[in-house]
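A quick write-up on the structure given underneath.
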Amino acid sequence: MTQTAPPELRILCFGASITSGFHSFGLHSHPYALQLRTRLQSSLPSTQLTIDIDGLPGDRLIGGEYFSRLGTHAPAVYDWIIVQGGGNDLGWGHQPARIFEELKRLWGMARGSGAKVLALTVTETAEGSWSERTRGRYEALNRMVLDVEGKGEGVWVGDVCARVPYAGMEEGVRRRVWDDGLHLRPEGYDMMGEAIAERLIEILREGGSSEVGDGVGAKL
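In this text, residue positions in the sequence shown follow the working numbering: the first is 84, and each later residue adds one.
So this is what it looks like as structure tokens:
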């Protein structure tokens with residue numbers, strides 16, 4: 084009797100320092116992909132998971148290496164590419180609308196490889212909690228990203244900014260979750276990975292996957 088091969092789910096986590104799990108001034112890393120894998124595997128026990136990480140601290144969409152880096156993954160076939168970008172570009176003073184145009188181009192490049200895209204919002208910074216100008220620019224970019232949801236172009240959205248806030252977090256929790264006002268601590272990256280996993284499970288369930296278990300949390 085021929086055995087059926089287990090289903091596969093191949094994911095690339097792509098971005099900059101938040102994707103790499105940068106913390107403790109770069110001395111250590113704790114990628115959100117660690118908790119993403121744990122959560123997905125518990126809900127998809129029969130699925131063979133492959134999760135690769137490509138996060139380059141400091142990289143930018145404009146004048147950086149985002150596009151060339153993504154091009155190096157062209158021979159590999161992923162079911163999903165999880166993309167976060169734009170935070171460093173905001174730090175360099177680029178306007179949200181210009182950054183969004185580059186994000187769309189990057190998503191298109193990812194879609195061209197045959198993958199679906201989960202576009203992540205940009206996480207907050209400590210400066211955004213007191214600077215109205217900085218907060219406004221982050222919010223403007225995230226609104227553009229969120230508006231992509233439901234457009235039917237193979238791009239879904241995960242609002243990690245809402246799930247792992249800076250300004251709206253109780254001080255004691257913030258000290259455990261946030262590292263330097265820009266990056267997260269391991270607990271924060273685990274929160275992010277949990278949220279992303281929940282969003283992916285939700286999307287898979289909406290698509291009718293029989294592999295998705297019942298342990299699905301709230302919508303991201």
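Glycine is no exception: its CB is placed at the ideal position from the N, C-alpha and C atoms.
In terms of Cα proximity to residue 271, the closest of 264, 158 and 259 is 259. Less than 9 Å divides the Cβ of residue 203 from the Cβ of residue 242. With fewer than three CB-CB distances shorter than 8 Å, the stretch 116-130 does not count as touching the stretch 169-186. Between residue 235 and residue 200, the beta carbon gap of about 13 Å keeps them out of contact (Cβ cut-off 8 Å). Ranked by how close their Cα comes to the Cα of residue 209, the residues 184, 247 and 196 have 247 in first place.
Taking 9 Å as the cut-off, the beta carbon of residue 100 is found closer than this to the beta carbon of residue 139. Excluding the 5 residues flanking it on each side, residue 286 has same chain C-beta neighbours closer than 7 Å at 239, in chain order. With a minimum length of 3 residues, the unbroken runs of beta strand (DSSP E) contained wholly in the stretch 217-258 fall at 238-241. Classified as buried, residue 183 has 16 or more neighbouring CB atoms from the shown chains inside 10 Å of its CB.
DSSP places residue 260 in the helix class (H, G or I) of the three-state scheme.
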